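Numbered by the working numbering, the letters in the sequence shown go through residues 36 to 436 in order.
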Amino acid sequence: MSQDSQLSPGDVLRREEPSHALYLHIPFCATKCTYCAFNTYTQMEAIIPSFVKALCLELRILSQARPGLPIHTVYFGGGTPSLLTASQLHAILDQIASGYKVQPDAEITLEANPNDLDEGYTKELRALGFQRISLGMQSAQEKELRLFARRHGNAHLLRAVSAIRQAGIHNFNLDLIFGIPHQSLPDWQESLQQAIHLNPTHLSLYALSLEPGTPMREWVMSGQLPLPDEANTVAMYEWATDRLNAEGYQQYEISNWCRPSYESRHNLQYWRNLPYLACGPGAHGWANGVRYQNLLSPREYIDRLRQTVSIDFPLTPVVAEHETVDRKTQLAETLMMGLRLTQEGIPLHQLQQRFDVDLLQEKKAVIQRFCETGFLEITAGALRLTREGRFVSNAILRDLI
Ligand code: SF4
């Protein structure tokens with residue numbers, strides 16, 4: 036008798052279910068940063084206990100529709116997940132453990148504001164199973180932190196990193212922003228140097244984006260604040276790329292660097308265009324061939340999640356919008372996301388298996404042209420952007436898709 040014939044139909048179904056990432060959106064912040072357009076709210080601390088119950092219910096509804104769904108990453112993002120108490124995080128993790136098949140080596144990350152991580156709380160996080168922390172450092176310049184209306188200063192960041200280490204968590208990320216009004220290249224270099232000095236396993240560097248509805252955009256648009264010109268912002272990025280490379284960090288995505296084998300497994304799932312569940316107000320998910328977005332308002336979210344209901348997976352009562360994604364769009368999205376992966380790129384063999392498409396044949400002329408101009412390369416069976424190609428990725432994608 037073969038091994039397969041000993042499996043029940045349920046076992047076979049579970050075995051074939053692809054592993055998912057799980058994102059949880061915690062939409063609360065103590066204060067609002069001046070550049071932030073995320074779905075997050077201040078002065079709503081009073082409803083956090085009801086929100087945690089609602090989030091657990093959303094998790095339960097999803098898991099009842101797909102019992103034992105394999106999960107290999109859990110990411111608490113926001114907002115400020117570190118506003119939740121250890122017992123609230125415990126309740127959420129318990130709900131996940133009871134409804135999903137969480138892999139023993141699953142990556143479990145908490146986004147945190149440096150203010151919130153004292154020694155006691157960070158030890159509790161470790162005991163709960165968090166082995167990765169993502170800290171919103173943003174800058175080492177106090178004047179820039181003030182411009183952003185961040186709650187923390189450098190002293191908080193140092194205390195947070197020390198607490199993380201003391202708790203025995205060695206895997207942590209620092210987020211930084213460049214291209215800030217009045218920021219000079221030396222200002223940026225000093226911020227990045229200070230970040231490197233803290234020896235994180237991972238760094239995410241983002242150019243400041245002027246999002247509609249934010250004070251930062253209004254100040255720049257009305258001329259109250261200047262932006263560094265594009266050449267200066269490119270120089271900051273180029274300098275960071277060289278510096279981090281010299282420090283032994285690997286760039287594996289356009290905006291992300293890590294120590295060897297410390298890639299964010301959760302974010303890799305997005306960039307590989309593989310399925311992820313997303314829970315919480317405003318969260319975006321991609322599962323069962325469907326992209327969906329939850330409604331934005333935390334109060335409405337809580338109101339709609341009062342009881343368990345059966346659903347057409349993954350469409351819970353808090354989904355506001357959804358669309359079934361056809362294969363052609365999935366392919367285009369896979370190319371778009373894959374080109375962000377600066378080392379892995381788009382593995383052509385995998386692409387053929389997944390979409391039954393021979394990209395080298397179908398886009399021969401385009402690929403040849405960009406390879407000849409030095410913007411694309413094919414190495415180890417993968418199509419990748421070169422360093423120069425990262426600055427013209429939109430044009431490449433347009434022609435490729
Ligand atoms: S802490 Fe993060 S999510 Fe909250 S307002 Fe600031 S940038 Fe936005």
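We put the CB at the ideal spot given by N, CA and C, even for glycine.
Keep in mind it's a predicted model, so treat the numbers as computed, not measured.
Counting only beta-carbon distances shorter than 6 Å to the non-hydrogen atoms of ligand 1, the qualifying residues in chain order are C64, K67, C68, C71, F73, T75, G113, G114, T115, N148 and G171. The residue among L211, R339 and T414 with its C-alpha nearest the C-alpha of N148 is L211. Under the DSSP assignment, G134 falls in the alpha helix (DSSP H) whose first and last residues are A121 to G134. Its chain contains S54, Q138 and A141 as the residues whose beta carbon lies nearer than 6 Å to that of H107, once the 5 sequence neighbours on both sides are disregarded; these appear in chain order. Apart from sequence neighbours up to five positions away, the residues of its chain that approach L220 with a beta-carbon distance below 8 Å are N267, A270, M271 and W274, ordered along the chain.
When the five nearest sequence neighbours on each side are left out, the beta carbons in the same chain lying within less than 7 Å of the beta carbon of W321 are those of P310 and Y311, in order along the chain. Per the DSSP secondary-structure output, V392 pairs with nothing in a beta bridge.
Nearest to R326 by alpha-carbon distance, out of T69, W306 and V354, is V354. The C-beta distance from Y76 to P333 rounds to 6 Å, short enough to meet the 8 Å contact threshold. DSSP places C64 in the coil class of the three-state scheme, outside both helix and strand. Note: W292 is bridge-paired with L238 and Q286 in the DSSP secondary-structure output. When C-alpha distances from R167 are compared across G134, S428, E52 and P235, the shortest belongs to P235. Taking 8 Å as the cut-off, the Cβ atoms of S85 and I337 count as close. F63 places its beta carbon less than 8 Å from that of I83.
Listed in chain order, the beta strand (DSSP E) elements of length 3 or more contained wholly in the segment 153–230 are 167–173 and 206–213.
With contacts defined by Cβ atoms closer than 8 Å, A72 and T249 form a contacting pair.
Here F165 has I143 and L145 as same chain residues with Cβ atoms under 6 Å from its own Cβ, once five neighbours each way along the sequence are excluded. DSSP places T414 in the uninterrupted beta strand (DSSP E) bounded by L411 to T414. One alpha carbon belongs to I204, the other to V196, and they sit about 10 Å apart. Taking a 10 Å sphere around the C-beta of M256, we find fewer than 16 other C-beta atoms and assign the residue as exposed.
According to the DSSP secondary-structure assignment, C314 is paired through a beta bridge with L59.
Secondary structure of D347 (DSSP, three-state): strand. Contact annotation, R419 with T377: C-beta distance approximately 7 Å; criterion of less than 8 Å satisfied. Pairing L233 with S174, the inter-Cα distance amounts to about 13 Å.
A residue is called buried when at least 16 other Cβ atoms come within 10 angstroms of its Cβ; E356 does not meet this threshold and is exposed. Ranking I431, Q218 and N74 by CA distance to the CA of L331 puts N74 first.
For T108, no alpha helix (DSSP H) run applies; the uninterrupted beta strand (DSSP E) run containing it begins and ends at P105 to G113, by DSSP. For E52, there is no enclosing beta strand (DSSP E), since its DSSP letter is neither H nor E. E273: member of the alpha helix (DSSP H) spanning E265 to A281, first to last residue. A straight line joining the alpha-carbon of E423 with that of F410 spans about 6 Å. When DSSP states are grouped into helix, strand and coil, A355 belongs to the strand group.
Counting the other Cβ atoms within 10 Å of the Cβ of T115 gives 16 or more, which makes it buried.
Short of 7 Å from the beta carbon of L152, and not among the five residues preceding or following it, lie these beta carbons of its own chain, in chain order: S117, A195, A198 and I199.
Less than 8 Å separates the beta-carbon of K398 from that of L435. Taking 8 Å as the cut-off, the beta carbon of P349 is found no closer than this to the beta carbon of L180.
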